[in-house]
Amino acid sequence: MDGFGKIVSQTSIQGGEIDMFERKDGRYTRRMVGKLLAGLSLAAYLTSPAFAQDAPTIRILISQSPWLNSFVSLVDEYQKETGTKFQLDVTPFGGMVDKMRNSVRAQQGSYDIININAQSLAEIYAGGFLKPLKEIDSGFTLPDGVVDFGGSAYWNAQTNSFDPKGTLYGVPTNGNVLVLYYRSDLYKEAGLKVPQTWDELVENAKALHKPSSQYGFVSRGTRESILFDFSPVLWSYGGSFFADPENGDHSVTLNSPQSLQALEMFIKLNKEVGTGNAGALEQAELIQLLSTGKAAQGTAVIAAVADLQDPNKSIVTDTIETALLPAGPNGKHASVAGQWMAGIPKNIPEANQKAAVDFLKWFLQKDTQVAYTEAGGIPIRKDLGDTKLAEDPAYRFIKAFSQNADVAKMNTPLKEGVRIKEAISLYLNRALIGEISPKDALNGAATEVNQILTAAGYKLTPPKML
């Protein structure tokens, strides 16, 4: 481990340490990204010939997370080519929200770019703390191929929801979505095909389930994570959380017959072909089960692929594959977005806003994203399948990432999202461990979410009980 001051010679970094790594299975260290980006032209993103001399230092709030190394590598290269200085405040995940809230509410902000986790997006957008990107650069748009994760780069103040027709506030910086992981060698031995539906996944899992030595399927079920893993099943069955959030109707629809079918399927998977303690299974344990061969398949975020393909951490590096999450009864596929978005606060000087936009425009470019991925980052473009990454087995996850990102969306897209998540998750966990029935769980969750939103001033139609 190198201290932050030693890792990046020109970039100022505060906060902790980065775990550096060498090239393995096609992954590159920060030191090699300059070569990867050698052919990129930055001229289109510079405001004037005097850009390097005049540009202010760009101050960035960013989480101390697995994708940090790759982001730092791009920052270093941009700094080298343009002369722009950077100051990164690297903060543990738990401290991000407080730093962000304090900065955007101050008379003058401490950061020119804030990285916002999916769960906090609605709060920051609705609070009016960010500068609309088109007000900084009238020609700024998200390029074709960039994933907006269910419209979450945009906010509609009239309907209080994410909306591609709304105001552009966010630029995706990390594209985490849920995907299906499976063992290709076990599938081949058992004569199985990649499941297209949840029912097919159950049958595959039954064929591979050998309790004590190998579990047929794993997913997370703790109160912290269950809502994220359950959401794609819910949507694929035609269930929903709200009636019509894009048009401002947030009446709670969680306890529908379709939602009940989805929850019963989720419980069936985890009870019949799972570990037996899904209600206590968190991400670290789930990845360990997959990496040690104890689990034949499961759902996990795409970021887990780095550990699962690392020979120092996994014994299934060559046989672990990724796929589009299965569809529900009517053929609908869905995934859930757990992305990070970069926003530019209102309470910083105009020169800083302009410099921040220039960097983000460069960050979004296709060649930059190829280098970002090769440095170990999760891309935010779904059109990398025609790049050199497609020819490298180390990046075979790109197809599954693109497919799932294309159908991914937010599960609680409201500024009250954190409270809603906590309420729903408690009921889902209780149903998973058998404490209450799936029907009672959905009725209870819908009732409590309706109370939260009614108290917050939303005009709602009361949920119909199952």
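Residues in the sequence shown are numbered from 188 upward in steps of one, following the working numbering. Yeah, the Cβ is synthetic: ideal placement off N, Cα and C, and Gly gets one too. Computed from a prediction, not measured in an experiment: that's the story for all the values here.
Task: Cβ-based neighbour list, A491, same chain, cut-off 6 Å, excluding 5 preceding and 5 following - done: I474
TODO: Please list the segments of the alpha helix (DSSP H) lying wholly inside the segment 311-364, counting only runs of 4 or more residues, in order along the chain.
DONE: 320-323
Open item on the list: Quick check on G357: buried or exposed, where buried means 16 or more other Cβ atoms within 10 Å of its Cβ?
Closed with: buried
Task: Residue nearest to V389 in terms of C-alpha spacing, selected from F453, F428, A521 and V364 - done: F453
TODO: Return the chain-ordered ranges of every beta strand (DSSP E) run that is complete within the segment 515-539 and spans a minimum of 3 residues.
DONE: 527-530
Task: CA-to-CA distance, Y265 to A633, given in whole angstroms - done: 48 Å
TODO: Going by CA-CA distance only, name the one from Y614, R246 and A538 that's closest to V262.
DONE: R246
Task: Contacts around F415, its chain only, beta-carbon distance under 8 Å, and the 5 residues preceding and following it disregarded - done: L365, R407, V523, G525 and N598
Open item on the list: I want to know whether the segment 601-610 touches the segment 308-327 - three or more CB-CB distances under 8 Å.
Closed with: yes
Task: Whole beta strand (DSSP E) elements within the segment 425-460, 3-residue minimum - done: 429-431 and 436-439
Task: Entirely enclosed alpha helix (DSSP H) segments - the segment 254-295, minimum 4 residues - done: 255-269 and 280-292
TODO: Could you say if the segment 645-653 and the segment 438-453 meet the contact criterion of at least three C-beta pairs nearer than 8 Å?
DONE: yes
Open item on the list: Quick check on this structure: which residue in K569, N539 and A587 has the alpha carbon closest to the alpha carbon of Q274?
Closed with: N539
TODO: Return helix, strand or coil for I623, following the three-state DSSP convention.
DONE: coil
TODO: Measuring alpha carbon to alpha carbon, tell me which of L613, D627, P513 and I413 ends up nearest N391.
DONE: P513
Task: Buried versus exposed, by CB contacts within 10 Å (16 or more), D545 - done: buried
Task: Nearest neighbour of N616, chosen from S250, S443 and S412 [CA to CA] - done: S412
Open item on the list: On the CB-based measure, 16 or more other CB atoms within 10 Å of its CB, does A483 come out buried or exposed?
Closed with: buried
Open item on the list: Which residue marks the beginning of the alpha helix (DSSP H) containing Q251, and which one marks its end?
Closed with: Segment: none, Q251 is in no alpha helix (DSSP H) and carries neither H nor E.
Open item on the list: Tell me the DSSP secondary structure of A487 in three-state form.
Closed with: strand
Open item on the list: Which of the three DSSP states is assigned to A225 in this structure?
Closed with: A caution first: A225 carries a pLDDT of 47, below 50, which makes its placement in the model too unreliable to give a value.
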